[in-house]
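Before any comments, here is the structure.
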Amino acid sequence: MTDTKRNLVNETISELIIYINNKELPVGTKLPNETILASTLNVGRSTLREAVKILAFSNVLDVRHGSGTYIKNLAYTGDYSSDELLTAREMLETQAVTSIITYGFDPEEMLTLKEKLFLRNQLLANGKFSEYVTADLAFHQKIIELAKNPFLAKWYEEIKPELKTYLSGQVLKLKDYADNTEIHNDLYQALIDGNKEQAVKLVKQNSYSEK
């Protein structure tokens, strides 16, 4: 069931992009309302809504409440290159996991991290991509918080909006999108085991998988 739901949302995102491209709709164009668009794409309204959310997260669409949904960009755009953005996150997380393993952690907070990881994985499996992106960011932010370094937390908070846009854009690359759930699971386990070398390796591996 989860794979079916995830695939359906994937297909709807793809069909919506094809619809925009085939009609050669320019930036600023208002899309048909939800009922008409769902009928045109032959999908349920809830599935269409999820597809629109992730396209809005990735700056392709602009959802204006009370007005409608408009084309904002024809592709992902960001203020920084992907390499710059992911390198910044990698630096922050490398320092964070090193600190966590060196100085220890509160078991209750690690349990919270596990809950965030579980939610992230479930949302991805169920094709709830917009919520998944938010949950993924929350998982990584909790790792930063566990380091108990206010500067790491501040710097992560500053790049989080760009990360949200970038990761949403990555989800749009349906065929190439790497489901790196195993990396996240292994990273959590490395923190629990106190395996600094493995944790740092997985942080780097995760950055590479998302480029």
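Residue numbers (our numbering): 223 to 433. Backbone N, C-alpha and C define an ideal beta-carbon position, used for all residues, glycine too.
In chain order, what residues of the same chain lie with their CB nearer than 6 angstroms to the CB of residue i, ignoring the 5 residues before and after it?
i      : result
Ser493 : This structure cannot settle anything about residue 493, because the visible part of the chain is limited to 223 through 433.
Ser390 : Ile276, Phe279, Ser280, Val355
Gln427 : Ile405
Arg342 : Ala357, Asp358, Phe361
Beta-carbon within less than 7 angstroms of residue i's beta-carbon, same chain only, minus the 5 sequence neighbours each way: which residues are those?
i      : result
Ala412 : Gln420, Ala421, Leu424
Phe351 : Val231, Glu272, Ile276, Val393
Leu247 : Ile293
Val274 : Leu283, Val285, Thr291
Which residues mark the beginning and the end of the beta strand (DSSP E) in which residue i is found?
i      : result
Asp284 : 283-286
Would residue i and residue j qualify as a contact pair, given that the criterion is a beta-carbon distance under 8 angstroms?
i      : j      : result
Ser429 : Glu312 : yes
Ser431 : Asn402 : yes
Ile365 : Leu385 : no
Lys252 : Gly290 : yes
Leu456 : Gln317 : This structure does not reach residue 456, given that the chain is present from 223 up to 433, and the question cannot be answered.
Trp377 : Leu296 : no
Whose C-alpha, out of the options, is nearest the C-alpha of residue i?
i      : options                        : result
Ile381 : Lys252, Tyr325, Ala310         : Ala310
Asn229 : Pro372, Ala357, Asn371, Asn348 : Asn348
Ser236 : Leu345, Glu337, Pro248, Thr269 : Thr269
Pick helix, strand or coil for residue i, following the three-state DSSP scheme.
i      : result
Thr497 : Outside the shown range of the chain, which is 223 to 433, sits residue 497, and nothing can be said about it.
Asp398 : In this predicted model, Asp398 has a pLDDT of only 47, less than 50, meaning its place in the structure is not dependable enough to derive any value.
Lys350 : coil
Lys336 : helix
Excluding five sequence neighbours on each side, which residues of the same chain lie with their C-beta closer than 8 angstroms to the C-beta of residue i?
i      : result
Thr234 : Leu263, Val265, Thr269, Leu270, Glu272, Ala273
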